[in-house]
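Taking it in order: structure first as structure tokens, then the write-up.
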Amino acid sequence: MNWKRYFWPVVGIGAVIFSLLLLWHELRGISLDDVWDGMAAIPTRGWILAGLSSLVAYAALAGYDHIALLHIGKKVSWLFVTLCSFTTYALSHNIGGSVFSGAVIRYRAYGTRGLTGQEVGVLVAICWITFVLSTLLASGLVLVFEPQIIDRFSGIAHHGLSEAAGIAMLVLIAAYVFGSWLHLRPLRIAGFQLHYPALPIVARQLLIGPIELLAAAAIIFFTLPEVHNPGYFVVLGVFLVSFSVAQISHAPGGLGVFEVVFLAGLSDMDPVGVVAALLVFRLFYLIVPLFMGLGIVLFFERSQFSRKES
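Heads up, the sequence shown is in numbering that gives the first Met the number 0, so the first residue is 0 and it goes up one at a time.
See the structure below:
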């Protein structure tokens with residue numbers, strides 16, 4: 000047995016179990032009826048805006064693939080790229096290990112459109128870089144303009160440290176842009192070669208990339224209660240911390256991990272209302288896209304099978 004194959008899955012499952020125990024301890028005084036009442040209390044306007052935010056988030060994720068294909072110089076139909084991107088993220092967000100699971104799905108899909116394994120590897124790398132840039136840019140701005148966001152998790156004021164971390168993140172973004180302007184040499188790892196994105200590509204990464212994070216956080220913001228609501232910018236900061244920790248944990252779908260961290264960040268709000276908003280987020284951002292993605296996969300595989308038969 001190769002223990003490396005099982006290490007991260009075990010870590011992910013362990014993170015889920017540990018987080019669910021913490022979540023149970025945090026919510027032990029809340030019944031299912033309370034949560035149901037919390038969801039019923041969300042106004043129709045909140046449901047509609049949350050649904051629209053989900054559409055914007057997945058449209059921005061489709062932009063990741065479009066940017067990567069533009070960098071590679073490959074033309075694939077707009078509809079195919081959009082459906083492929085949607086399916087990739089809908090499945091990988093729930094499975095966990097989004098980079099690796101997303102690579103498998105993209106290789107299967109884009110291979111039918113003439114992309115080689117190396118080209119798919121470059122596409123996955125550019126999408127991952129776009130996500131990292133987006134997270135750094137959004138997090139940097141939040142830490143600079145809302146440095147007290149860290150106080151919600153630590154309980155101790157670290158405003159100077161938060162601002163310094165935010166500025167450091169923005170400096171990294173500036174360095175990335177500067178590297179593109181310098182036309183740095185390609186990165187070579189064994190037979191893999193990754194060219195530095197040109198400035199127009201970088202501009203698209205920094206414009207389209209953060210929209211996905213902003214829209215995903217908006218799903219929760221629009222469904223949170225108005226009482227003690229700290230405002231969108233703080234919710235965005237809490238979302239970025241929670242989403243990042245969930246990604247690092249390798250827990251499938253960030254199950255439990257995302258909720259525990261988010262509840263800690265909004266501890267001054269009614270936990271029933273926060274849990275209701277998080278359930279809506281999982282419904283619109285994870286569960287509904289998952290079933291739609293599975294349907295797209297079945298349709299795609301059936302069409303490929305029919306094509307081979309004919």
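Think of the CB as a built atom: it goes at the ideal place given N, C-alpha and C, for glycine as much as any other residue.
- Of the other Cβ atoms in all chains shown, fewer than 16 fall within 10 Å of the Cβ of Glu300; this residue is therefore exposed.
- Close CB contacts of His194 within its chain, under the 6 Å cut and outside five residues either way in sequence, are with Pro185 (chain order).
- Relative to Ala124, the option among Leu82, Gly101, Gly272 whose CA is nearest is Gly101.
- Sequence-distant partners of Cys83 (beyond 5 residues in either direction) whose C-beta falls short of 6 Å from its own C-beta, in its chain, are Ala108.
- With 16 or more other Cβ atoms inside 10 Å of its own Cβ, His92 counts as buried.
- As the crow flies, the alpha-carbon of Pro224 is around 28 Å from that of Gly208.
- The beta carbons of Leu122 and Leu68 sit closer together than 8 Å.
- Residue state for Leu254 is assigned as coil, using DSSP reduced to three classes.
- In the DSSP assignment, Val75 falls outside any alpha helix (DSSP H), carrying neither H nor E.
- Val271 and Asp33 do touch by the CB rule: their CB atoms are close to 5 Å apart, below 8 Å.
- Per DSSP, reduced to three states, the secondary structure at Arg187 is strand.
- Around the beta carbon of Ser52, 16 or more other beta carbons sit within 10 angstroms, so the residue counts as buried.
- Assignment of beta strand (DSSP E) within the region 120–196, counting only whole runs of 3 or more residues, yields 186–188, 191–193 in chain order.
- DSSP places Leu51 within a helical segment (H, G or I) once states are collapsed to three.
- Glu258 and Leu297 have their C-alpha atoms some 31 Å from each other.
- Three or more Cβ pairs closer than 8 Å define a contact, and the region 261–276 meets that threshold against the region 138–152.
- For a cut-off of 8 Å, the C-beta gap from Ala137 to Leu239 is around 6 Å, short enough to register as a contact.
- Counting every other CB atom within 10 Å of its CB across the protein chains shown gives Leu213 a total of 16 or more, marking it as buried.
- Straight-line measurement puts the Cα of Asp36 at about 46 Å from the Cα of Ile200.
- Apart from sequence neighbours up to five positions away, the residues of its chain that approach Leu171 with a beta-carbon distance below 7 Å are Leu135, ordered along the chain.
- Annotation for His227: Asp267, Met268 place their beta carbon closer than 7 Å to its own, counting only its chain and skipping 5 residues before and after.
- For Glu211, the enclosing alpha helix (DSSP H) begins and ends at 198–222.
- In the three-state scheme derived from DSSP, where H, G and I count as helix and E and B as strand, Ser248 is classed as helix.
- With respect to the C-alpha of Ala197, the residue from Arg187, Phe177, Glu211 having the closest C-alpha is Phe177.
- The residue from Phe130, Thr115, Gln192, Ile47 with its alpha-carbon nearest to that of Ile210 is Phe130.
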